[in-house]
Structure formats: structure tokens, C-alpha cells
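**Student:** Quick one: the structure is below, questions incoming.
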Amino acid sequence: MDSEFYLTSNNNDKTLPLTEEQFKELKRARKRLSLVHAVSHKYHLVLSNYRIIEQQMAQLGELYASQYNVADIEKRKPQLNASINNYVLSARIFTSQLKRHIQSCLPTERERITELSEQMDRLYQRSFAYRFVDAMYDYVTYYGLSFHAFHCQSKIVLDEEGSPLRQFDFKAYIEREYIGGPADFRASVLEETPERIDVLQLLAEFNGCLGELHTNAMKMVRAVLSEADSMVREFMNVFIGQYGAQHANIFVVHKTRAFGDKVYERFPLSMYLDNRLLTGTSHDD
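Now the structure itself:
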């Protein structure tokens, strides 16, 4: 195949030639960066869903405490239900795909996958929240309902200036008697389930478990991430050095002349660079 390899700007007006080996190296680096980003993005998707639940709970609590707008309360209930369902679904996406991403990133280090599997088993045995949220996936997929009851307590207190202020304690609950009926909830988990579960408390504990998995996974790929990131930055710096920072949105192109100069493959580079992954920090932490 008569091929041409090069870097190009977004509008294709600037190009920098590559050898076939350089193209292959960038392709491998991009794949590894993509896999690491997938792990991190899916983890932070779960945390973002949790923050949405917290916000919606606070809004519902204010409405319940005031009792001014019953119609708005009924409108927000299904929104909260949808957010909890999204949390459970995003959590399953993270846990079910984590080992696959790490294995693809470290194809010769099978012991890492064994380590992740053992860590998941330990979390499952240690944490009721981990077992319950894992079991909730089948329940919410089948039934579409993620909570069954609310409880709100409110009282009037005085603020620092002596003015009256309403405080409220608002909680959403999962009721054991309901999850045992409409769908086949995992029997081993149902047997240990208390009569009532505080949803936010449950999910907060589960977040801690996912945090341990994410931290361990990112440690496993740290060296590969650093190497791939350095390679991509090196090529990008050469391109920017020649054409200027205004052309920092860079793509890698493989064109073949065998089919009329058709672009056989094209993928971006700049979108995969993220200093937060290298330092272990994030705006979501």
C-alpha cells in the first residue's frame, strides 16, 4: 500500500510528515491515552451523578419543608428517581468495563487484572453498599424505580442575627419490602438488607469503594500514561514550534494513494492531553 503519514491542523492547511514507525507509535500512544481517559471519565461520571442527586434532594427538602408547591414536589420526584437510576447505571458501566480498559492498556501484565479482580471481591465482601448498589442494577433496569419513600423533619431556629430560620432534615429511602416483590432482587443481598436504607448514605459509602478502585487502576497505568503523554506532547511541540500555537488542535493522518489519495485513518491528538491525569488530580475530586 502506497501510504503517506503526517500531522495536520484542524483545517488541514498545515502539515508535518511522519514516518510509518512514528505513525504507529502515535497510534499506540493515542490508544493508551484514550483507555486511561475512559477509566477516569467514567469514574467522574458516577461522582457527577451523585452531586446531581444531592442537589435534587436539597431542592426537594426545601419544597417539603415549606409545603408551598405540591405540584412542583410531584414534578421533581421522577427527576430524582431518574438521577438515582443514572447513578446506578453509570456505576455499573465503570465497574464492568474497568478491567477491560486496564487489560487493553497493559496487555502483557495479566497480574494487574487479577489484582483488580481480587480488589473487587474484597470490596464486595467488605461493603454492604457495594453489594447493594451492584444488585440495584438489575432491579432498576427491570422496574425503573430507585427509591420508595421520603422523610422530612423541619424546625425553626434562630440564625446568628436572631432571625428565624427553617432547618430541615430530608431523606429518601429504599424499602426492603418493595424490592423483594416486583423483581428478583439478588437473594443473598436481600437477606441482609435492613427494612429501610438511606439512599444518600448508601451511595456515599459506595463512592468510597469506587474511589479505591479508581485510585488503584490509575496507579497501575501511571507509567504507561506518562510515556504516552510525553510522546504525544513531543510531536505536538514540534508542530506548534513550526506553525504556531494557533494550530494546537492537531490530527494524525494516514493517507493511501492506492485509492485516489483517500484518507485511510485520521485521529486527534490534543484532546487526549490532560495534566490532571498525570498528577492524580481533577476538578471533580
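Residue 940 is where the sequence shown starts when you use this note's numbering, and the numbers rise one by one after that.
Cβ coordinates follow ideal geometry from the N, Cα and C atoms, glycine included.
1) Check this for me: beta carbons of residue 1043 and residue 974, under 7 Å apart or not?
2) Under 7 Å, do residue 985 and residue 1029 count as touching if we go by C-beta distance?
3) Helix, strand or coil for residue 1125, going by three-state DSSP, please let me know.
4) Find the nearest neighbour of residue 1216 within the set 1136, 942, 979, judged by alpha-carbon distance.
5) Who are residue 1169's beta bridge partners in DSSP?
6) Skipping 5 residues on each side, what residues in its chain have a beta carbon closer than 8 Å to that of residue 1015?
7) If I measure Cβ to Cβ from residue 1119 and keep anything under 8 Å in the same chain, skipping five residues before and after, which residues do I get?
8) May I ask which residues mark the beginning and end of the alpha helix (DSSP H) holding residue 956?
9) According to DSSP, simplified to helix, strand and coil, what is residue 1086?
10) Any idea if residue 1193 is buried or exposed, counting beta-carbon neighbours within 10 angstroms, 16 or more meaning buried?
11) Along the chain, where does the beta strand (DSSP E) containing residue 1193 start, and where does it finish?
12) Between which two residues does the beta strand (DSSP E) holding residue 945 run?
13) Going by the CB atoms, is the gap between residue 1089 and residue 1111 shorter than 7 Å?
14) Quick one: what's got a C-beta closer than 8 Å to residue 1072's C-beta in the same chain, skipping five residues either side?
15) For residue 1210 and residue 1188, what's the separation of their Cα atoms in angstroms?
16) Going by other Cβ atoms of all chains shown within 10 Å of its Cβ, with 16 needed for buried, is residue 1056 buried or exposed?
17) Excluding five sequence neighbours on each side, which residues of the same chain lie with their C-beta closer than 7 Å to the C-beta of residue 945?
18) With 16 other CB atoms within 10 Å as the buried threshold, where does residue 1165 fall?
19) Between residue 1139 and residue 993, how many whole angstroms is the CB-CB distance? I'm expecting something under 8 Å.
20) Quick one: what does DSSP say residue 1017 is sitting in, helix, strand or coil?
21) How big is the Cα-Cα spacing for residue 1159 and residue 1059?
22) Is residue 1070 near residue 1081, with beta carbons less than 7 Å apart?
23) Which first and last residues belong to the beta strand (DSSP E) in which residue 1203 is found?
24) Buried or exposed: which applies to residue 963, given that a residue is buried once 16 or more other Cβ atoms fall within 10 Å of its Cβ?
**Tutor:** According to the structure data:
1) By one-based count along the sequence shown, residue 1043 stands at place 104. By one-based count along the sequence shown, residue 974 stands at place 35. Result yes, Cβ atoms of residue 1043 and residue 974 sit closer than 7 Å.
2) In the sequence shown, the residue the question calls residue 985 occupies position 46. In the sequence shown, the residue the question calls residue 1029 occupies position 90. Yes; because the gap between Cβ atoms is below 7 Å, this pair is in contact.
3) For this step, residue 1125 is matched to residue 186 along the sequence shown. Three-state DSSP puts residue 1125 in coil, outside helix and strand.
4) The count along the sequence shown starts at 1 and reaches residue 1216 at position 277. Considering only alpha carbons, the answer is 979.
5) Numbered from 1 along the sequence shown, position 230 holds the residue referred to as residue 1169. According to DSSP, residue 1169 bridges with nothing at all.
6) By one-based count along the sequence shown, residue 1015 stands at place 76. The residues are 995, 998, 999, 1002.
7) For this step, residue 1119 is matched to residue 180 along the sequence shown. Correct list, in chain order: 1129.
8) Along the sequence shown, one-based indexing puts residue 956 at 17. Not the alpha helix (DSSP H): residue 956 falls in the beta strand (DSSP E), residues 954 to 957.
9) For the purposes of this step, residue 1086 is taken as the residue at position 147 of the sequence shown. In this structure, residue 1086 counts as coil in the three-state DSSP scheme.
10) The count along the sequence shown starts at 1 and reaches residue 1193 at position 254. Buried, since its Cβ has 16 or more Cβ neighbours within 10 Å.
11) Translated into positions along the sequence shown, residue 1193 becomes position 254. Note, residue 1193: beta strand (DSSP E), 1189 to 1195.
12) The residue you call residue 945 lines up with position 6 of the sequence shown. Residue 945 -> beta strand (DSSP E) spans 942 to 948.
13) Here the question's residue 1111 lines up with position 172 in the sequence shown. Here the question's residue 1089 lines up with position 150 in the sequence shown. For residue 1111 and residue 1089, yes; Cβs fall inside 7 Å.
14) Within the sequence shown, numbered from 1, the residue matching residue 1072 stands at position 133. Excluding sequence neighbours, residue 1072 sits near 1027, 1030, 1141, 1142, 1145.
15) One-based indexing of the sequence shown puts residue 1210 at position 271. One-based indexing of the sequence shown puts residue 1188 at position 249. Going from the Cα of residue 1210 to the Cα of residue 1188 covers about 8 Å.
16) Taking the first residue of the sequence shown as position 1, residue 1056 is located at position 117. Exposed: under 16 other Cβ atoms inside 10 Å.
17) Here the question's residue 945 lines up with position 6 in the sequence shown. These residues qualify, in order along the chain: 954, 955, 956, 957, 1192.
18) On the sequence shown, position 226 is the one that residue 1165 refers to. So residue 1165 counts as exposed.
19) Here residue 1139 corresponds to residue number 200 of the sequence shown, with the count starting at 1. Here residue 993 corresponds to residue number 54 of the sequence shown, with the count starting at 1. Sure, about 7 Å apart at Cβ, within 8 Å.
20) For the purposes of this step, residue 1017 is taken as the residue at position 78 of the sequence shown. Three-state result, residue 1017: helix.
21) For the purposes of this step, residue 1159 is taken as residue 220 along the sequence shown, with counting starting at 1. For the purposes of this step, residue 1059 is taken as residue 120 along the sequence shown, with counting starting at 1. Spanning the two alpha carbons is a distance of roughly 15 Å.
22) As a working note, residue 1070 is residue 131 in the sequence shown. As a working note, residue 1081 is residue 142 in the sequence shown. Going by C-beta atoms, residue 1070 is not nearer than 7 Å to residue 1081.
23) For the purposes of this step, residue 1203 is taken as the residue at position 264 of the sequence shown. Note, residue 1203: beta strand (DSSP E), 1201 to 1207.
24) Translated into the one-based positions of the sequence shown, residue 963 becomes position 24. The residue in question, residue 963, is exposed, as its Cβ has fewer than 16 Cβ neighbours within 10 Å.
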